[in-house]
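Colleague:
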Amino acid sequence: MHALRLALTDPRFDACAVPGALAVQPAARAALDKAAALAPGGPDPYADRLAAAVEAAGTTVQRPELGTLVATVPATTEERAAAAAAVAAVDDEALRLRTAVKSRDGFFTTFFISPYSRYIARWCARRGLTPNQVTTASLITALIAAGCAATGDRWGYVAAGVLLLVSFVLDCTDGQLARYSLQYSTLGAWLDATFDRAKEYSFYAGLALGAARNGDDVWALALGSMILMTCRHIVDFAFNEANHDATANTSPTAALSGRLDSVGWTVWVRRMIILPIGERWAMIAVLTAFTTPRIVFYALLVGCAFGALYTTAGRVLRSLTRKATRTDRAAQALADLADSAVLAWTGGPRPGKGPSRAALWLAVAGAVIVIGEALRSDFGSPWVISAAVGYVIFSAAAVAAPLKGPLDWLVPPVFRVAEYVTVLVLAAKADVPGALPAAFGLVAAVAYHHYDTVYRIRGGSSAPPHWLVRTTGGHEGRVLLTVVLAAVLARDAFPVALTALAVFVALVVLVESIRFWVSSGAPAVHDEGEPA
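Take any residue in the sequence shown, count from 1 to its spot, add 1298: that is its number in our numbering.
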């Protein structure tokens, strides 16, 4: 029974099929009714013919790899006996434990966490614990770890490192528990999608507070690490959305990657060097316990920068060496990821308007103008306002046409870099107590909004409503407002203004996000792909 549920009731797909069985979610019920009326006769089992008719009508039917599972429709007594023997030979409990683990994960997670965390998941299942409870326990453990790091004492750093690893074990356990017991939920999807970032960024803040107790100001490094990680993720998300349903021949770069996949050790090396969450948290935990927060952030910046350059370069090569035809859906997803208030007024690119070849270069030009002027000018210079106005104009022009160019998926990441780095530069140049921590809070609130947008789109739902983008100003509106505040306020008042802006953005975004994810219409999103 567990095997059938595993194969046929995955909430991420509207229809699932194995030989002899078909199951549909409510969204595909109409397609099933139509297929039942039109399904042709034939020698194949009726369920298989229905599945083929549903798929022919345009509804994707998920056909999971069976592995050691057995699904067949025997036609003779001998075939039935052979099938029954094959079913009896399957160790159901071993199967449940094995399938509880992600099929694709990082090296540290696969070899150092999953071998025992799956048994923790089974222990939790037998005691009636839910994945959401384990997820919450992981968050609480990480927050306690951040509090220990904030003490600034060596015992606190050691305890923080240990607790961070415990939090990661629980973070792996919650997903494995969901797969083991098939307890998927929309609330669980939201918690899992957002708590990882909340835990990591809270720990950064704890390290910065601990360093400050010892007279070492590393808030700029903490904010830089958060910016680098967020921008790296938006590169991943934007590339995947741009190519989600693109039609094109496989590029030579992708073909080379496929050939490397056949050499087992290269797969693990390539997964490790991008510093996925398991390797990253292990590195943070060990360095926190034995070194200083400054060294932790230096290692993070170097390691994550290398990983970001490696993955981005590969994706740029793939995009340039394939002639992809991107759909309107992909263009709209990129426009939503851009988070532009200008588009929020019109609802997206104008129908029928052709793509622009200059979109990426307009975005880059605007980013260079505003970041460059912020770096060049003194704090409060009116020239930075002029640069911010130029950024608004260039960024609006960049998204005025559908983002269907080969490299247009880089437009949202460029906007993230422009906004986050401008806030960092202004806070650093203010050179007053509280400016950088306030900037850290503002970027964290905005980053949550951007992650929330990503996971809504991933779930097949719409992006956040236009009123939310308008209310929070869009990326260009927030850049302009931050620059104006720096120009018109005294240095001592700037951190207060940043804090107020951070609180406003966080409240508006969180209220709408919670309303969406706990609603019955929110999608169930479970990430089984690249390790984050």
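Cβ atoms here follow ideal geometry from the backbone N, Cα and C, with glycine treated the same way.
Cutting at 7 Å between CB atoms, please list the residues of its own chain near Gly-1646, excluding the five before and the five after it.
Modeller: Low confidence applies here, because Gly-1646 scores a pLDDT of 49, under 50, leaving its location unreliable; read the following figure in that light. Closer than 7 Å at the Cβ level, and outside the excluded window around Gly-1646, lie Gln-1630, Ala-1633.
Colleague: Any chance the region 1716-1731 sits against the region 1784-1795, with 3 or more Cβ pairs inside 8 Å?
Modeller: Taking 8 Å as the limit for Cβ pairs, the verdict is that the region 1784-1795 does touch the region 1716-1731.
Colleague: Take Cys-1470 as the anchor and find which of Gly-1757, Arg-1420, Asp-1515 has the nearest alpha-carbon.
Modeller: When each option's Cα is compared against that of Cys-1470, the closest is Arg-1420.
Colleague: Going by other Cβ atoms of all chains shown within 10 Å of its Cβ, with 16 needed for buried, is Gln-1474 buried or exposed?
Modeller: Classification for Gln-1474: buried.
Colleague: Pull up the distance between the alpha-carbon of Thr-1428 and that of Ala-1503, whole angstroms please.
Modeller: Thr-1428 and Ala-1503: Cα-Cα distance of roughly 29 Å.
Colleague: Checking the sheet assignment: what are the DSSP bridge partners for Ala-1321?
Modeller: Partner(s): Cys-1314.
Colleague: Going by DSSP, what residue range makes up the alpha helix (DSSP H) through Asn-1538?
Modeller: Unbroken alpha helix (DSSP H) run through Asn-1538: 1517-1540.
Colleague: Would you mind sorting Ala-1334 into buried or exposed? The rule is 16 or more other CB atoms within 10 Å of its CB.
Modeller: Per the 10 Å Cβ criterion, exposed.
Colleague: Would you call Tyr-1718 buried or exposed, if buried means 16 or more other Cβ atoms sit within 10 Å of its Cβ?
Modeller: Tyr-1718 comes out buried.
Colleague: Counting Cβ pairs, one atom from each stretch, are 3 or more of them under 8 Å apart for the region 1585-1601 and the region 1680-1692?
Modeller: No, the region 1585-1601 does not touch the region 1680-1692.
Colleague: Determine the contact status of Ala-1369 and Val-1316, defining contact as a CB-CB distance below 8 Å.
Modeller: For Ala-1369 and Val-1316, yes; Cβs fall inside 8 Å.
Colleague: In chain order, what residues of the same chain have a beta carbon less than 7 Å from the beta carbon of Ala-1639, not counting five sequence neighbours either side?
Modeller: So the list reads Val-1767, Arg-1768, Gly-1771, Gly-1772, Glu-1774, Gly-1775, once near-sequence residues are dropped.
Colleague: Taking buried to mean at least 16 other C-beta atoms within 10 Å of its own C-beta, is Thr-1439 buried or exposed?
Modeller: Its Cβ being crowded by 16 or more others within 10 Å, Thr-1439 is buried.
Colleague: How many Å lie between Leu-1740 and Tyr-1746 at the Cα?
Modeller: Approximately 10 Å between the Cα atoms of the pair.
Colleague: Could you work out which residue in Ser-1693, Phe-1493, Leu-1521 is closest to Ile-1575 when comparing CA atoms only?
Modeller: Ranking the options by Cα distance to Ile-1575, first place goes to Phe-1493.
Colleague: Using the beta-carbon count (16 or more within 10 Å), is Gly-1664 buried or exposed?
Modeller: Buried: at least 16 other Cβ atoms inside 10 Å.
Colleague: Just verifying my parser: in three-state terms, what is the DSSP assignment at Ile-1812?
Modeller: Helix, per DSSP.
Colleague: For Leu-1395, collect the residues of the same chain with a Cβ closer than 6 Å to its Cβ; drop the 5 residues on either side in sequence, then sort them by chain order.
Modeller: Within the same chain, Leu-1395 has close Cβ partners Arg-1416.
Colleague: Would you list the one or two residues that DSSP bridges to Gln-1360?
Modeller: Cys-1314.
Colleague: Answer with buried or exposed for Val-1567, where buried requires no fewer than 16 other C-beta atoms within 10 angstroms of its C-beta.
Modeller: It counts as exposed.
Colleague: Taking a contact to mean a Cβ-Cβ separation below 8 Å, would you say Arg-1495 touches Tyr-1689 in this structure?
Modeller: Not a contact, by the Cβ cut-off of 8 Å.
Colleague: Quick one: grab the DSSP three-state call for Thr-1433.
Modeller: Three-state result, Thr-1433: helix.
Colleague: Return yes when the Cβ of Ala-1606 is within less than 8 Å of the Cβ of Phe-1713, no when it is not.
Modeller: No, the Cβ-Cβ distance between Phe-1713 and Ala-1606 is not below 8 Å.
Colleague: What would DSSP say about Thr-1644, mapped onto helix, strand or coil?
Modeller: Per-residue confidence for Thr-1644 stands at a pLDDT of 49, beneath the threshold of 50, marking its modelled position as unreliable; the derived number appears in the next sentence. Thr-1644 falls in the helix class under three-state DSSP.
Colleague: Per DSSP, what kind of secondary structure is Thr-1407 in: helix, strand or coil?
Modeller: The answer is helix: DSSP assigns Thr-1407 an H, G or I state.
Colleague: DSSP on Gly-1445, reduced to helix/strand/coil?
Modeller: Helix, per DSSP.
Colleague: Using alpha carbons as the reference points, say which of Ala-1761, Phe-1738, Leu-1805 lies closest to Ala-1506.
Modeller: Selected option, being the one with the closest Cα: Phe-1738.
Colleague: Considering Cα atoms alone, identify which of Ala-1345, Tyr-1414, Ala-1447, Ile-1418 is closest to Thr-1590.
Modeller: The shortest Cα separation from Thr-1590 among Ala-1345, Tyr-1414, Ala-1447, Ile-1418 belongs to Ala-1447.
Colleague: Looking only at C-alpha atoms, which of Trp-1707, Val-1782, Glu-1376, Thr-1357 sits nearest to Cys-1529?
Modeller: Nearest C-alpha to Cys-1529: Trp-1707.
Colleague: Where in the region 1737-1812 do unbroken runs of the alpha helix (DSSP H), each at least 4 residues long, occur, reported from the N-terminal end onward?
Modeller: For the region 1737-1812, whole alpha helix (DSSP H) runs of length 4 or above, ordered along the chain, are 1764-1770, 1772-1786.
Colleague: Which same chain residues end up closer than 7 Å to Ile-1593 when comparing Cβ atoms and leaving out the 5 residues on each side of it in sequence?
Modeller: Here the set comprises Leu-1585.
Colleague: Straight-line CA distance for Phe-1405 to Met-1570?
Modeller: Roughly 6 Å between the two C-alpha positions.
Colleague: Does DSSP put His-1300 in a helix, in a strand, or in coil?
Modeller: His-1300: helix per DSSP, three-state reduction.
Colleague: Say the cut is 7 Å; is the CB of Phe-1405 nearer than that to a heavy atom of the ligand SAM?
Modeller: The model on display carries no ligand, and the ligand SAM is accordingly not part of it.
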